[in-house]
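Numbered by numbering that gives the first Met the number 0, the letters in the sequence shown go through residues 0 to 187 in order.
Below: one structure, written as structure tokens.
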Amino acid sequence: MNLSFLKAYALEKRIPIITDEALALIEAEIKKHHVKDVLEIGTAIGYSALAMASFGCHVDTIERDEFMIEEAKRHFDRYDEDHQITLYPFDALTYHLPEKTYDLIFIDAAKSQYQTFFNKFTPYLKLGGLVICDNLNFHHLDPAKVNRHTQGLLRKLDVFKRFLADHPHFKTEFYDLGDGTSLSVRIK
0 MNLSFLKAYA
10 LEKRIPIITD
20 EALALIEAEI
30 KKHHVKDVLE
40 IGTAIGYSAL
50 AMASFGCHVD
60 TIERDEFMIE
70 EAKRHFDRYD
80 EDHQITLYPF
90 DALTYHLPEK
100 TYDLIFIDAA
110 KSQYQTFFNK
120 FTPYLKLGGL
130 VICDNLNFHH
140 LDPAKVNRHT
150 QGLLRKLDVF
160 KRFLADHPHF
170 KTEFYDLGDG
180 TSLSVRIK
């Protein structure tokens, strides 16, 4: 599936989507680990869900923003010909998924909630499964040059990165791809 049209649309509308480098990492890990079932937290316009579906995965994706839900539905109706994507139009913080396990969880939603998302959804992850988080460097902003709110967000992301690095049930690697990406493998 050629998603260049959707990428161009996102750039035109200034809707942030995953970078090519981070998407290449996801594709490589999907192939390496024979990933079949993906849970995505943060759908936006559906670009990454459509990409992962094109790699042969079924993708359950959760989005709370009404505008993004409508955009994603439109794109899924048009381009998800094999019906590999299920959109859950809910807030991931309060939504309870049906009982299911996943090979991969991709987190690309509210940065301040990454640790909450990780804790809430990793019980759905199979042993040996992967968690990939995007945008961990948040534009490489200098905390001394941003407002107090953004400083708080940067602190939360730093705390989350330490949480990942020290988590006893996951082995995590960090990549300087796009805006910072982590890959955590469930080992326990």
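Glycine included, each C-beta is placed from N, C-alpha and C at the ideal position.
Exercise. Go to I29, then tell me how far its beta strand (DSSP E) extends in each direction, as first and last residue.
Key: In this chain, I29 is not harboured by any beta strand (DSSP E); it is covered by the alpha helix (DSSP H) spanning D19 to H32.
Quiz item: In chain order, what residues of the same chain lie with their CB nearer than 6 angstroms to the CB of F117, ignoring the 5 residues before and after it?
Solution: none
Self-check item: Short CB-CB distance (under 8 angstroms) between L176 and chain B
Solution: The chain inventory of the structure shown lacks chain B, comprising one protein chain alone.
Exercise. Could you have a look at G189 and say whether DSSP puts it in helix, strand or coil?
Key: The structure shown does not extend to residue 189, since the chain is modelled only from 0 through 187, so no value can be given for it.
Quiz item: Does DSSP classify Y46 as helix, strand or coil?
Solution: helix
Quiz item: Are the beta-carbon atoms of F137 and L156 separated by less than 8 angstroms?
Solution: Yes, the Cβ-Cβ distance between F137 and L156 is below 8 angstroms.
Practice problem: Counting only runs of 3+ residues fully inside the stretch 36-100, write out the beta strand (DSSP E) ranges in chain order. | Solution: 36-40, 57-61 and 84-87
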